[in-house]
Amino acid sequence: MEVDIFEVMSRGESQDVEFMCADVSPLIVAKVISAFANADGGTILLGVSDSSTIDGVDPDTARSKITKAIGMLSRADIVKFDIQKIRIVLNVAVITVEKSDQIVFCDSGAYIRNGENIRVMHQDEIRSLVGSSSGSIEALSGVLEKQTLMIESLEKTIGGLRCEIAEGNSWKSKVKDHSIAGFVGIVVGVVLGEIGF
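Numbering (full-length UniProt numbering), first residue to last: 1 to 197.
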């Protein structure tokens, strides 16, 4: 499954091409696989940031991440991947996703590719892929869409909280905290010195 990575990169991201940096989570990889499978299929280049930047991946870490992502899918047979060496020192994981004739879910819901973006599948899209308009399928697809939107919202909230925590753990924050503690220590020392301790 040899892919001309430079040729794919030169076309940029599109309906059937996604670039991903190496530190992306397995769940994000699973979402993009689900989105491609529920649309027209596609190729993911893991270790490529944009059309001109190859960051590379650690082959073992990439294999583990992709294997975990595939384990989060309702169908694994639509995905193939390979690690390709580029410029002697860099590796890129090439993930090829086939268009599925059945809806493909990942652990956080059902997604579809729309241009360069992925989005939650709507109830009517789920229904059309399932191929039935029975009441139970309609109810199920409605619940699934709501759950997927809720999960997306929670993931955004968690991402925001992670950023706040990271900012709180930054060196600037720690310097500020230590400066305040030092100032309080000096004030307490002066006060205690004044009263004879």
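Glycine residues also receive a C-beta, built at the ideal position from the N, C-alpha and C atoms.
Since the model is a prediction, treat every value here as computed from it, not as a measurement.
When 39, 97, 119 and 94 are compared, the shortest CA-CA separation from residue 153 is found for 119. With a cutoff of 7 Å on beta-carbon distance, residue 96 and residue 61 are scored as not near each other. Excluding five sequence positions before and after residue 29, the CB atoms of its chain that fall closer than 6 Å to its own CB belong to 69, given in chain order. Here residue 121 is buried, its C-beta having at least 16 other C-beta atoms within 10 Å. Shown here, residue 84 sits in a strand according to DSSP, grouped into three states. For residue 103, the number of other beta carbons within 10 angstroms of its own is at least 16, and it is reported as buried. DSSP places residue 106 within a strand segment (E or B) once states are collapsed to three. Where residue 119 is concerned, the enclosing beta strand (DSSP E) starts and stops at 117–120.
Annotation: residue 89 is outside any beta strand (DSSP E) and is labelled neither H nor E by DSSP. Less than 7 Å divides the Cβ of residue 113 from the Cβ of residue 35.
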